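Numbering-wise, the numbering used here puts 29 at position 29 of the sequence shown, and it's gapless, one number per residue. Ideal Cβ positions, reconstructed from N, Cα and C, are used throughout, including at glycine. In this text, all values refer to a predicted model and were calculated from it rather than measured experimentally.
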Amino acid sequence: TPWPKVRHGKDALLMLMKHAPVDLDRAFAILADTTLAADADLPDTGIPLEWERALSAAFISTRGYGTRCTTLLMRSADSSHIFAERRFTASPESWAESNFSWIT
Numbered sequence: 001t002p003w004p005k006v007r008h009g010k011d012a013l014l015m016l017m018k019h020a021p022v023d024l025d026r027a028f029a030i031l032a033d034t035t036l037a038a039d040a041d042l043p044d045t046g047i048p049l050e051w052e053r054a055l056s057a058a059f060i061s062t063r064g065y066g067t068r069c070t071t072l073l074m075r076s077a078d079s080s081h082i083f084a085e086r087r088f089t090a091s092p093e094s095w096a097e098s099n100f101s102w103i104t
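If you want it as structure tokens, here you go:
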């Protein structure tokens, strides 16, 4: 189902990739988007409308359910790799981050 958050995320990622090197903070910002879709744009997955709304954001934050981590895995033309992960407690503003890089 082409959720609005998926379409928006793909568009934002394409724009981000046009600027080398890719900025990790900008990439994580795409995944931390809390914007909710308009009701008219929501798919009908069979769950209540209130949940459809809550799940329409890239970063989900509800009582008892939500995004707990986001991960980026990137490979550049020179075969270097970056694995970066942000772990959240309750909001996209507060995180712990781990980064690993290697060349193959």
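I need the straight-line Cα distance from residue i to residue j, nearest angstrom please.
| i | j | result |
| --- | --- | --- |
| SER56 | ASP39 | 9 Å |
| GLY66 | PRO92 | 11 Å |
| ALA58 | SER101 | 25 Å |
| ASP33 | SER79 | 29 Å |
| ALA96 | PHE28 | 13 Å |
| GLU50 | ALA77 | 43 Å |
| GLY9 | ARG26 | 12 Å |
| LEU73 | VAL6 | 18 Å |
Mind checking who residue i pairs with in its DSSP beta bridge?
| i | result |
| --- | --- |
| HIS81 | ARG75 and TRP102 |
| GLY66 | SER61 |
| ALA96 | ARG87 |
Can you name the start and end residues of the alpha helix (DSSP H) that residue i belongs to?
| i | result |
| --- | --- |
| HIS8 | 4-17 |
| ILE30 | 24-31 |
| LEU42 | From DSSP, LEU42 is part of no alpha helix (DSSP H); its letter is neither H nor E. |
| ALA54 | 49-54 |
Return yes when the Cβ of residue j is within less than 7 Å of the Cβ of residue i, no when it is not.
| i | j | result |
| --- | --- | --- |
| VAL22 | LEU16 | yes |
| GLU85 | THR104 | no |
| ALA37 | PRO4 | yes |
| HIS81 | ARG87 | no |
Tell me which same chain residues have a C-beta within less than 6 Å of the C-beta of residue i, skipping the five on either side of it?
| i | result |
| --- | --- |
| GLU52 | LEU42 |
Looking only at its chain, what residues have a beta carbon closer than 7 Å to the beta carbon of residue i, apart from the 5 residues adjacent to it on each side?
| i | result |
| --- | --- |
| ALA12 | ILE30 |
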